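Mind the numbering: the sequence shown is residues 13 to 307 in this note's numbering, read in order.
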Amino acid sequence: MTKAEFQKLARRPVLLDGATGSNLLAAGMPRGGSTERWILQHPEVLAGLQRAYVEAGSQIVYTATFGGNRRAMALSGNTEEIGAFNRRLVEITQGAVEGRALVAGDLTTSGLVPDASEEYTYADALELYKEQISCLAAAGVDLLVAETMISVDEAMAAVEAAGQVCDLPILCCLTVEADGNAFSGGHAADGAAALEALGADAVGINCSVGPDQLEAVVAGIRAAVRLPVIAKPNAGMPAITERGEVLYSMGPEDFAGHMERLMAVGATLVGGCCGTTPAYIRCLRQRLQAAEGRL
C-alpha cells in the first residue's frame with residue numbers, strides 16, 4: 013500500500029481490529045511468558061481471532077509482532093532469527109485475513125525512554141526499529157503501526173526508521189493518561205504534531221483508558237494535525253476479581269456509544285484495545301452503518 017492509497021482510504025471512517033492479548037489469555041495463554049512464542053505454538057488461536065475481527069468488520073488487522081524487535085526478543089528468551097520470527101507471525105495474519113483486510117505490521121515500545129541513560133539512546137531506538145521494520149516490509153505487510161508508545165521520542169524514532177527503510181504508510185499511537193500526558197512526559201497533541209512533521213501517516217492514541225475519558229484528548233490531537241486521527245482505547249477501566257481475572261467496565265454497546273463521540277470530535281481510524289473482542293468491533297460497525305451508511 014502506498015501512502016497516497018492510505019490517505020484516500022482514511023478519508024472515511026476505517027475500522028481497526030480489537031485486542032489481541034486479553035483474548036489470547038481468555039483462550040488459555042498463560043501469563044508471564046512470551047506472547048509471540050505461544051502464538052507460534054498455537055497459530056490457530058490467533059488466526060481464529062483475526063478471522064473473527066474481519067468478519068466483524070475490521071478493515072485493518074494488526075500482526076502479532078508486538079514483541080518482535082531484537083531487544084524484546086532477547087528479554088523474552090526468543091532466540092530465533094529476527095527475520096524468520098517476524099515473517100512467521102506475519103504469515104499467520106495474512107493467512108487469517110485472506111486478502112479481506114489490510115495487514116499492519118505491529119511495532120511497540122522498548123519500555124525505555126531514549127537518552128534517559130546511556131543504556132538506550134535515540135540512535136539505538138532508530139536501529140532497533142529499522143531492523144524490525146525491514147523484516148516486516150520483507151514479509152509483505154501492507155502498512156506499519158507503532159502502538160502503545162510511552163515516549164514521544166521513541167515514537168519519533170519508529171517513524172523516522174520507517175522513512176529510512178521503506179515507503180509503507182506508518183500509523184503511530186501514544187498511550188497516555190486521561191489528561192493527554194504521555195507516561196514519559198509530553199502531551200499527546202504536541203507529540204502528534206511532532207510525529208506528523210517527521211512523516212507519520214496517521215497519529216492518535218491506543219490502550220490508555222476507556223473512550224469515555226478521551227474526548228478532550230482526541231479533540232486536541234485533531235486540532236494539532238492535518239493527518240487522520242486514531243482512537244483505539246480499552247474497554248473502559250479494568251477491575252481484578254478475587255480469582256485474578258481482569259474485567260473491563262464497558263460492554264460492546266456502551267463502548268460503541270462512546271466511540272461515536274470520539275469520531276464526532278475527529279477520530280477517523282477506530283478500534284479497540286485491551287478488553288475488546290470481535291463483538292465490540294461488530295457493534296461499532298453497526299453504529300457507523302446506522303449513522304453514516306458508509307461501511
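Cβ coordinates follow ideal geometry from the N, Cα and C atoms, glycine included. Predicted model, so just to flag it, every value in this text is computed and none were measured.
Residue i to residue j span [Cα, whole Å]
i: G80; j: V26; result: 26 Å
i: N193; j: V66; result: 32 Å
i: R83; j: L140; result: 8 Å
i: A303; j: K244; result: 20 Å
i: G248; j: A190; result: 12 Å
i: E159; j: A169; result: 13 Å
i: Q106; j: P181; result: 18 Å
i: A268; j: E130; result: 44 Å
i: V215; j: L156; result: 12 Å
i: A16; j: C178; result: 14 Å
i: E103; j: M262; result: 32 Å
i: H270; j: S220; result: 15 Å
i: A22; j: V241; result: 9 Å
i: R234; j: L281; result: 12 Å
i: A231; j: L274; result: 8 Å
i: S88; j: Q53; result: 15 Å
i: P290; j: L114; result: 16 Å
i: G30; j: T133; result: 32 Å
Buried or exposed (CB count within 10 angstroms, at least 16 for buried), residue i
i: R238; result: exposed
i: E208; result: buried
i: Q176; result: exposed
i: T187; result: buried
i: T308; result: Outside the displayed span of the chain (13 to 307) sits residue 308, for which this structure offers no information.
i: E166; result: buried
i: T32; result: buried
i: R299; result: buried
i: L343; result: This structure cannot settle anything about residue 343, because the visible part of the chain is limited to 13 through 307.
i: A86; result: exposed
i: I72; result: buried
i: A279; result: buried
i: E48; result: buried
i: L226; result: buried
Whole-angstrom C-beta distance between residue j and residue i, which should lie under 8 Å
i: A68; j: I217; result: At roughly 22 Å, the Cβ-Cβ gap does not stay under 8 Å, so A68 and I217 are not in contact.
i: A200; j: V229; result: 5 Å
i: A59; j: A108; result: 4 Å
i: A236; j: A204; result: 5 Å
i: I51; j: L101; result: 7 Å
i: D118; j: F78; result: 5 Å
i: A150; j: G95; result: 7 Å
i: A135; j: S122; result: About 13 Å separates the two Cβ atoms, so there is no contact after all.
i: R43; j: L36; result: Going by Cβ atoms, the distance from R43 to L36 rounds to 10 Å, so no, they are not a contact pair.
i: C285; j: N246; result: 5 Å
i: V164; j: G198; result: 4 Å
i: C295; j: E265; result: 6 Å
Unbroken alpha helix (DSSP H) run spanning residue i, endpoints
i: V51; result: One detail in the question is off: residue 51 reads as Ile in this sequence, not Val. First-last of the alpha helix (DSSP H) with I51: 47–53.
i: V109; result: 94–109
i: G80; result: From DSSP, G80 is part of no alpha helix (DSSP H); its letter is neither H nor E.
i: C185; result: Segment 182–186 is the beta strand (DSSP E) holding C185; no alpha helix (DSSP H) there.
i: R299; result: 290–304
i: S146; result: 134–151
i: D165; result: 164–177
Residue interval of the beta strand (DSSP E) (run including residue i)
i: D127; result: That residue, D127, is in no beta strand (DSSP E); it is neither H nor E in DSSP.
i: A158; result: 155–161
i: G33; result: Looking at the DSSP string, G33 is not in any beta strand (DSSP E); the run it does join, the alpha helix (DSSP H), is 33–38.
i: D118; result: 114–120
Ranges of the beta strand (DSSP E) found wholly within the region 200–279, counting only runs of at least 3: 214–219, 241–245, 250–252, 258–260
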